[in-house]
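Colleague: Have a look at this one.
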Amino acid sequence: MANIAAQRIKREFKEVIKSEEVAKCAIRLELIGDSFTELRGEIGGPPDTPYEGGLFVLEIKIPETYPFNPPKVRFVTKIWHPNISSVTGAICLDILKDQWAAAMTLRTVLLSLQALMASPEPDDPQDAVVAKQFKENEEMFRLTARYWTSEYAGGPNENQDFQRKVQRLIDMGIESDRACVALSAYNWDLERATEQLFS
Amino acid sequence: MSLITTNWPSEFSELKKLEGILHCPICYEYINTCMITSCSHNFCSVCIRKYLQFKNQCPTCSEETYAGDLRKNRPLDEIVTIYTDVKERLLFKLRLINVTQSIKGCQTENCNGFASTPKKSESDTSSDKDTPKSEKPKKKVVQKLFSEKKPPEPLVVGGLTIPTIFQPRKSPKKNVALPKPETKPCPVCNVDVPVKNINFHLDSCLAAADPVVTKPKPPVEKRKPLTKLVYTMMKEKELKRYLKEHGLNSNGDRKSLIWRLNRYTVLYNAECDSEHPRPVADILKQVEREEREEKTTPLFQAPKNKTTIDKNSDPEIIEKHNKEYLQVNKDHFNALIESMKKRMGKNIKTSNRIDSDEEIKPDITPLVEDQVPSTSKATDIDCTVSIYSQVTVVDSDSDSDIFEKSTTKIEADVHQIDWNKTKVNEEFTQETDLKDETVKESKELDDSIIHDEDSNSYESVFDKSGRGEISLVKTPVGKAHSLSARKKTRTPSQTANSSPSNSKMEKMVDEIFEKNDDKMSDQLDEESESDEDDDESEDEGFQFKTPVKNYDMSPEISPMKTRSKRKCAPSTDEKKLTRSETRQKRVKRSISPCY
Chain R
1 MANIAAQRIK REFKEVIKSE EVAKCAIRLE LIGDSFTELR GEIGGPPDTP YEGGLFVLEI
61 KIPETYPFNP PKVRFVTKIW HPNISSVTGA ICLDILKDQW AAAMTLRTVL LSLQALMASP
121 EPDDPQDAVV AKQFKENEEM FRLTARYWTS EYAGGPNENQ DFQRKVQRLI DMGIESDRAC
181 VALSAYNWDL ERATEQLFS
Chain G
1 MSLITTNWPS EFSELKKLEG ILHCPICYEY INTCMITSCS HNFCSVCIRK YLQFKNQCPT
61 CSEETYAGDL RKNRPLDEIV TIYTDVKERL LFKLRLINVT QSIKGCQTEN CNGFASTPKK
121 SESDTSSDKD TPKSEKPKKK VVQKLFSEKK PPEPLVVGGL TIPTIFQPRK SPKKNVALPK
181 PETKPCPVCN VDVPVKNINF HLDSCLAAAD PVVTKPKPPV EKRKPLTKLV YTMMKEKELK
241 RYLKEHGLNS NGDRKSLIWR LNRYTVLYNA ECDSEHPRPV ADILKQVERE EREEKTTPLF
301 QAPKNKTTID KNSDPEIIEK HNKEYLQVNK DHFNALIESM KKRMGKNIKT SNRIDSDEEI
361 KPDITPLVED QVPSTSKATD IDCTVSIYSQ VTVVDSDSDS DIFEKSTTKI EADVHQIDWN
421 KTKVNEEFTQ ETDLKDETVK ESKELDDSII HDEDSNSYES VFDKSGRGEI SLVKTPVGKA
481 HSLSARKKTR TPSQTANSSP SNSKMEKMVD EIFEKNDDKM SDQLDEESES DEDDDESEDE
541 GFQFKTPVKN YDMSPEISPM KTRSKRKCAP STDEKKLTRS ETRQKRVKRS ISPCY
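For the protein sequence lines, the chains are R and G, in the order given.
Numbering-wise (the UniProt record's numbering), the first sequence opens with residue 1 and increments by one.
Numbering-wise (the UniProt record's numbering), the second sequence opens with residue 1 and increments by one.
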């Protein structure tokens with residue numbers, strides 16, 4: 001790894017570890033291996049959002065050309081968000097693409113992601129299905145996002161109805177992830193989801 | 001800036017801010033040769049120049065910035081040097097004060113701890129009030145500490161004068177030493193030098209004298225930044241000449257030549273900004289060193305997931321390369337297959353790879369479509385195609401013509417079509433009928449048969465007996481119906497029965513090949529990458545060898561592979577059967593007619 005990149009990552013790693021947010025359990029950063037090329041980030045779901053209470057794991061890959069090019073970040077934890085792919089975890093965020101500036105750090109990236117979770121941008125979506133739901137039925141979106149948080153990010157679960165519906169599909173032999181995706185995409189309309197799954 | 005690691009006490013938090021300002025936001029080191037942008041952000045000269053190669057904007061505020069907009073910011077450089085000088089001393093003092101305070105704290109504790117001591121102190125300073133009492137010892141301690149420190153302070157201050165302290169001792173020695181050996185005046189500087197040191201002295205004297213003669217400062221000032229040329233527009237010869245002009249290594253491919261020039265330009269220009277530029281030789285060395293360093297990183301290496309062989313080269317070489325590629329990437333393919341399996345459930349059945357040499361029996365398993373509803377959607381199929389190396393897609397373009405797209409296995413399909421037309425197939429299907437019961441137990445096949453009811457095409461998935469190889473075949477409705485009418489299912493390894501039909505098939509294939517125009521198509525698709533696998537080496541060879549192109553293919557076919565395109569005359573009772581088992585052998589055979 002280029003000298004400058006490794007040095008930067010070391011410093012930034014220390015920065016995150018020492019930062020106040022870590023004390024608040026809002027963000028965390030771990031090294032994978034010794035090379036400083038791959039890291040594992042964790043961010044807590046921001047309060048007053050459907051993601052509250054969840055812990056979201058991120059995969060961070062540092063390119064050779066860091067900090068001239070942005071780090072590659074992806075959600076490992078499944079999340080229901082208009083700007084994050086519900087399938088791959090790919091993130092649509094300008095600072096991770098063309099708006100990246102060398103003065104940004106891993107800490108600012110993690111905080112930006114938290115901010116993104118708090119304020120979705122459905123007009124510039126990564127996941128069109130989620131974005132559509134967000135625009136057409138925001139309440140349904142919130143419920144779905146909360147369910148996903150409880151299902152995948154360890155958040156508190158309140159929605160017994162959704163759980164029952166998923167269980168119905170699981171009983172039909174559908175994998176739970178697929179069932180969850182199908183139901184979420186069809187606004188938890190069990191019939192339509194089933195139709196889609198078996199068509 | 002929070003990346004600053006110096007632990008300034010909280011009452012001096014401003015110093016932390018100051019330190020932040022003095023750090024380069026790119027490398028997070030103290031700014032080295034400060035350059036200021038038009039938006040008044042400061043960076044190291046090297047850092048900002050490197051950054052501007054990626055993007056013409058300010059790394060801090062994203063305002064459009066070009067290398068020409070950069071200006072030197074010497075005062076900040078001076079501040080950095082002064083600050084770094086003072087910082088250590090300041091920290092030392094602060095620590096000292098902390099220590100004194102803690103000692104003071106201990107003392108006062110002690111004073112409080114012993115009932116008698118306060119009395120003593122009271123008796124000592126009987127007239128003093130409580131507060132002065134406590135202050136006095138403090139002052140004493142502080143005075144003591146300062147007095148203790150003062151000796152070191154002069155030392156520190158004297159640190160500058162330390163040489164003078166030691167010089168007298170040394171210089172007499174030198175003076176003593178000098179007269180002893182023979183001395184001769186240096187021809188350059190006319191200083192008397194011991195004879196044994198004369199060569200060394202001359203070297204340094206000449207080295208020093210040269211710049212003196214040429215006036216070192218003017219050349220330094222004259223150093224003008226290199227202009228950035230449009231290297232991509234330059235011919236390789238020009239590049240090499242340019243490199244040589246600057247004393248750079250002109251070996252390597254175009255990409256590394258350009259890289260070298262870029263890096264040299266950056267470093268050279270950065271040195272131009274510096275007050276005391278390093279000699280060019282140093283820069284050249286640094287470029288070399290950095291290139292060596294970066295060559296060891298993957299960035300500089302050719303990407304591993306691409307084969308770099310020329311498709312026109314010897315088929316054997318291609319085959320060899322493909323085999324190697326498959327070996328190297330086998331884990332990756334398997335991982336992809338695994339993840340796909342997980343994601344898609346059991347819709348698609350994948351194969352265990354045949355590990356090369358194993359003889360493949362010419363099994364013929366005419367597979368007939370059952371009207372099995374499939375849970376897969378078109379998108380699923382796309383995914384599969386891209387992931388599973390063994391998947392063959394034969395697409396139909398409705399209407400009269402049958403457009404088939406396939407990977408290399410297409411000949412197999414061709415075989416089957418013709419073969420189905422002839423009686424050979426009939427024999428076969430009879431045989432398979434006999435074996436139907438045994439076959440039916442393999443229920444997974446149903447999963448792997450994908451029937452797209454809406455469209456007028458079928459995708460059928462054929463499984464390679466025992467090995468679970470799949471090919472997805474899309475056929476026009478007519479075909480499919482005829483297939484389904486026959487209600488055949490897969491027959492696993494019918495080794496015994498296959499040989500006669502094979503020979504017939506061979507003939508038919510030959511005919512087909514003769515009839516068809518030889519075209520090469522460059523159509524590529526995602527499939528191909530995964531398409532290569534151990535047992536496909538034959539196919540690989542084939543792809544490059546056979547210019548057979550009898551079918552029109554729809555455009556989604558594999559990259560890297562020239563694909564055979566064939567157009568079949570539509571026949572009403574066409575049956576489409578895939579027999580992947582004999583594929584390899586057939587492929588081999590089918591090569592011969594083309595050559």
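No residue lacks a Cβ here, since even glycine has one placed at the ideal position from N, Cα and C.
Which of the three DSSP states, helix, strand or coil, is assigned to residue 129(R)?
Modeller: Here residue 129(R) sits in helix by DSSP.
Colleague: Looking only at C-alpha atoms, which of 225(G), 226(G), 256(G) sits nearest to residue 240(G)?
Modeller: The shortest Cα separation from residue 240(G) among 225(G), 226(G), 256(G) belongs to 256(G).
Colleague: Could you check if residue 378(G) is buried or exposed, using at least 16 other CB atoms within 10 Å of its CB as the buried criterion?
Modeller: Model confidence at residue 378(G) stands at a pLDDT of 41, short of 50, so the residue's coordinates are unreliable; what they give is reported in the following sentence. It is exposed - the Cβ of residue 378(G) has fewer than 16 other Cβ atoms within 10 Å.
Colleague: Note down the Cα distance separating residue 58(R) from residue 182(R), rounded to an integer number of angstroms.
Modeller: Their backbone Cα atoms lie some 24 Å apart in a straight line.
Colleague: With three or more beta-carbon pairs closer than 8 Å as the criterion, would you say the segment 157–167 of chain R touches the segment 176–192 of chain R?
Modeller: Judged by Cβ distances under 8 Å, the segment 157–167 of chain R makes contact with the segment 176–192 of chain R, as three or more pairs qualify.
Colleague: For residue 67(R), go through chain G and note every residue whose CB falls closer than 7 Å to its CB, in chain order.
Modeller: Those are 26, listed as they occur along chain G.
Colleague: Which of the three DSSP states, helix, strand or coil, is assigned to residue 144(R)?
Modeller: Helix at residue 144(R).
Colleague: Determine whether the Cβ of residue 101(R) lies closer than 8 Å to any Cβ atom of chain G.
Modeller: It does; some Cβ of chain G falls within 8 Å.
Colleague: Do residue 46(R) and residue 118(R) come within 8 Å of each other at the CB atom, strictly closer than that value?
Modeller: In this structure, residue 46(R) lies closer than 8 Å to residue 118(R) by Cβ.
Colleague: May I ask you to report which of helix, strand or coil DSSP gives residue 278(G)?
Modeller: Of the three classes helix, strand and coil, the one that applies to residue 278(G) here is coil, per DSSP.
Colleague: Is any beta-carbon of chain G found at less than 8 Å from that of residue 7(R)?
Modeller: Chain G contact via Cβ: present.
Colleague: Enumerate in chain order the residues of its own chain whose CB-to-CB distance from residue 193(R) is below 6 Å, with the five nearest sequence positions on each side excluded.
Modeller: Within the same chain, residue 193(R) has close Cβ partners 182, 183, 186.
Colleague: Can you confirm whether the segment 88–103 of chain R touches the segment 4–18 of chain G when touching is taken to mean that 3 or more C-beta pairs between the two stretches lie within less than 8 Å?
Modeller: Short answer: they don't touch.
Colleague: Does the segment 96–110 of chain R come into contact with the segment 62–77 of chain R, if we say contact requires no fewer than three beta-carbon pairs (one atom in each stretch) closer than 8 Å?
Modeller: A contact exists between the segment 96–110 of chain R and the segment 62–77 of chain R.
Colleague: Kindly indicate the opening and closing residues of the alpha helix (DSSP H) around residue 39(R).
Modeller: No alpha helix (DSSP H) contains residue 39(R), which is instead part of the beta strand (DSSP E) from 38–44.
Colleague: Just mark residue 66(G) as buried or exposed, buried being the case when its beta carbon has 16 or more other beta carbons within 10 Å.
Modeller: It is exposed - the Cβ of residue 66(G) has fewer than 16 other Cβ atoms within 10 Å.
Colleague: Rounding to the nearest angstrom, what Cα-Cα distance links residue 176(R) and residue 339(G) in this structure?
Modeller: Those two C-alpha atoms are separated by around 16 Å.
Colleague: Find the nearest neighbour of residue 194(G) within the set 282(G), 187(G), 182(G), judged by alpha-carbon distance.
Modeller: Selected option, being the one with the closest Cα: 182(G).
Colleague: Based on the DSSP secondary-structure assignment, which residues constitute the bridge partners of residue 75(R)?
Modeller: Answer is 58(R), bridged to residue 75(R).
Colleague: Could you list which residues in chain R have their beta carbon closer than 8 Å to that of residue 9(G), in chain order?
Modeller: Per Cβ cutoff of 8 Å: no residues; residue 9(G) is ~16 Å from chain R at best.
Colleague: Apply the 10 Å Cβ neighbour rule to residue 17(R) and answer buried if 16 or more other Cβ atoms are within range, or exposed otherwise.
Modeller: Exposed: under 16 other Cβ atoms inside 10 Å.
Colleague: Could you check where the beta strand (DSSP E) with residue 258(G) kicks off and where it finishes?
Modeller: Residue 258(G) -> not in any beta strand (DSSP E); alpha helix (DSSP H) instead, spanning 254–273.
Colleague: According to DSSP, what are the bridge partners of residue 42(G)?
Modeller: Residue 42(G) pairs with 36(G).
Colleague: Comparing the C-beta of residue 51(G) with each C-beta of chain R, is any distance below 8 Å?
Modeller: Interface residue, yes.
Colleague: With 16 as the cutoff for other CB atoms within 10 Å, does residue 35(R) come out buried or exposed?
Modeller: So residue 35(R) counts as exposed.
Colleague: Who are residue 30(R)'s beta bridge partners in DSSP?
Modeller: According to DSSP, residue 30(R) bridges with 40(R).
Colleague: How is residue 90(R) classed by DSSP in three states: helix, strand or coil?
Modeller: Reduced to three states, the DSSP call for residue 90(R) is strand.
Colleague: What first and last residue would you give for the beta strand (DSSP E) that runs through residue 193(G)?
Modeller: Its beta strand (DSSP E) spans residues 192–194.
Colleague: Ordered along the chain, which non-local residues of its own chain (more than five positions away) have a Cβ less than 7 Å from that of residue 50(R)?
Modeller: Around residue 50(R): 142, 145, 146, 149.
Colleague: Would you mind reading off the limits of the beta strand (DSSP E) that contains residue 184(G)?
Modeller: Its beta strand (DSSP E) spans residues 183–185.
Colleague: Please state if the CB of residue 281(G) and the CB of residue 45(G) are separated by a distance shorter than 8 Å.
Modeller: Taking 8 Å as the Cβ cut-off, residue 45(G) and residue 281(G) do not qualify as a contacting pair.
Colleague: Kindly indicate the opening and closing residues of the alpha helix (DSSP H) around residue 117(R).
Modeller: Segment 106–118, the alpha helix (DSSP H) holding residue 117(R).
Colleague: With 8 Å set as the bound, which would you pick, yes or no: does the beta-carbon of residue 12(G) sit closer than that to a beta-carbon of chain R?
Modeller: By this cut-off, residue 12(G) is not an interface position.
Colleague: Is residue 60(G) close to chain R? Criterion is C-beta to C-beta, closer than 8 Å.
Modeller: Yes, residue 60(G) lies at the interface with chain R (some Cβ there is under 8 Å from its Cβ).
Colleague: Whose CA, out of 204(G), 252(G), 21(G), lies closest to the CA of residue 292(G)?
Modeller: Residue 252(G) is the option with its Cα nearest to residue 292(G).
Colleague: Indicate whether at least one CB of chain G lies closer than 8 Å to the CB of residue 11(R).
Modeller: Yes, its Cβ sits closer than 8 Å to a Cβ of chain G.
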